[in-house]
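These notes concern the structure reproduced below.
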Amino acid sequence: MPKSKRDKKVSLTKVKKKGREWKEGLIESVRTAADNYPSLYLFKFENFRNEHFKELRDEHRDTSKFVMGSNKVLRVALGHDAATEYKAGLADLAQRIRGSMGLLFTRLPRAEVERIFEEFEVMDYARAGARATETFSLEAGPLTLYGEPLAHTLEPTLRQHGLPTRLNKGVVELVADFTVCEEGKQLKPNQAALLRIFDQKQAAFKMRLLALWENDAVETLADDDEDDGEGSDGEAAEFDDGLDGMGLPEGIVLPQ
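Number 1502 marks the last residue of the sequence shown (the numbering used here); no jumps.
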């Protein structure tokens, strides 16, 4: 039988790279914002969550603009040194960009910006690669959630993730005491899945101001402790969540 011309194998891992047009668009976005807003903050984030970030961005749409993307491109947009910086002092800020960071251009007074960042913290389920913030253990016997027995349909899933369970007359039982995770240790995929099943939220999505550019000068607001939260391993780890293509708001650009 002749082979159909439509029968073509497509690699699901093949991703179109960001080209020159995308990079130029990001650079233009940064420089336009630098012209339109009097203050520019460099901030760091941990355990990024797209949905909650969009809510924050929309809340301050009229006064501020968030820009996030490839750190290398952001540094180019601001300028590497005094000869290439877009505005005086921006090169100093550019040299501080690394890891999980972003830019906030705003017209808000400093006190208001500091309040927003200090109050912003959202708890969510930790992902594989994050470190457990507390030890979570289960005792042998019938398993419950909020005082109610676990659904018997969950028992195969629990065993799949490493829990020594069994069904006893429709009741999910843990055969022996089991420690799901230990504080400070990196979570494996099975551990992260179990924490989600038992509604244990151990990841805090939060942001911290590091520096402020205003009136052609940069002020240090906090030191960078280099801990980016989940899977922190440079730029590529900033959005290890399949966020690209999930309808990010205008001005939010994810690294490829």
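No residue lacks a Cβ here, since even glycine has one placed at the ideal position from N, Cα and C.
Own chain, CB closer than 7 Å to residue i, minus 5 neighbours either side, in chain order
i: A1279; result: K1311, V1313, F1351
i: L1413; result: H1398, E1401
i: K1269; result: V1319
i: D1327; result: A1337
i: R1344; result: N1317
i: R1266; result: none
i: L1467; result: L1455, L1456, A1457, L1458
Proximal residues to residue i (C-beta, below 6 Å), its chain only, five neighbours per side dropped
i: S1285; result: T1352, E1460
i: F1363; result: M1453, L1455
i: R1405; result: T1411
i: T1440; result: Correcting the residue type first, residue 1440 is Leu in the shown sequence and not Thr. Excluding residues within five positions, the ones whose Cβ falls inside 6 Å are H1407, V1426.
i: G1393; result: none
Cβ separation of residue i and residue j, assumed to be a contact under 8 Å, to the nearest whole Å
i: P1435; j: A1374; result: 4 Å
i: M1347; j: F1289; result: 7 Å
i: V1368; j: H1306; result: 16 Å between Cβ atoms; not a contact.
i: D1445; j: L1391; result: 7 Å
i: S1383; j: V1426; result: 7 Å
Residues bridged to residue i [DSSP beta-bridge criterion]
i: G1387; result: L1420
i: K1452; result: E1292, E1367
i: S1310; result: T1352
i: L1458; result: Y1287, E1465
i: F1382; result: C1427
i: E1394; result: L1391
i: R1377; result: Q1432
Same chain, Cβ closer than 8 Å to residue i, five either side skipped, listed in chain order
i: D1479; result: A caution first: D1479 carries a pLDDT of 40, below 50, which makes its placement in the model too unreliable to give a value.
i: A1438; result: Y1371, A1372, R1373, A1374, A1376
i: L1272; result: V1313, G1315, S1316, V1319, L1320, A1323, V1499
i: V1421; result: A1386, P1410, T1411, R1412
i: E1428; result: A1378, T1381
Closest by C-alpha distance to residue i, when choosing among the options
i: F1366; options: S1383, F1451, T1403; result: F1451
i: T1379; options: Y1392, G1345, Q1432, P1395; result: Q1432
i: E1385; options: D1423, R1361, D1281; result: D1423
i: A1340; options: K1415, V1464, A1468; result: V1464
i: E1331; options: L1467, A1468, D1462; result: D1462
i: K1415; options: A1337, P1395, Q1406; result: P1395
i: P1355; options: T1309, A1457, L1302; result: T1309
i: R1442; options: E1419, D1469, E1429, H1407; result: H1407
i: D1470; options: R1303, V1426, F1291; result: F1291
i: E1358; options: Y1287, V1276, D1281; result: Y1287
i: D1281; options: N1296, A1334, G1393; result: A1334
i: A1457; options: A1449, E1360, K1447; result: E1360
Contact test: residue i Cβ vs the ligand HEM heavy atom, cutoff 6 Å
i: F1382; result: Only the bare structure without any ligand can be found here, which leaves the ligand HEM out of the picture.
Run through the region 1407-1431 for me and flag every whole beta strand (DSSP E) of 3 or more residues, listed as ranges in chain order.
-> As for any beta strand (DSSP E) of minimum length 3 sitting wholly inside the region 1407-1431, the runs are 1411-1414, 1417-1420, 1424-1427, ordered along the chain.
Which full runs of the alpha helix (DSSP H) of 4+ residues lie inside the region 1315-1353, going along the chain?
-> Taking only runs of at least 4 residues, the alpha helix (DSSP H) segments lying wholly in the region 1315-1353 are 1317-1324, 1336-1340.
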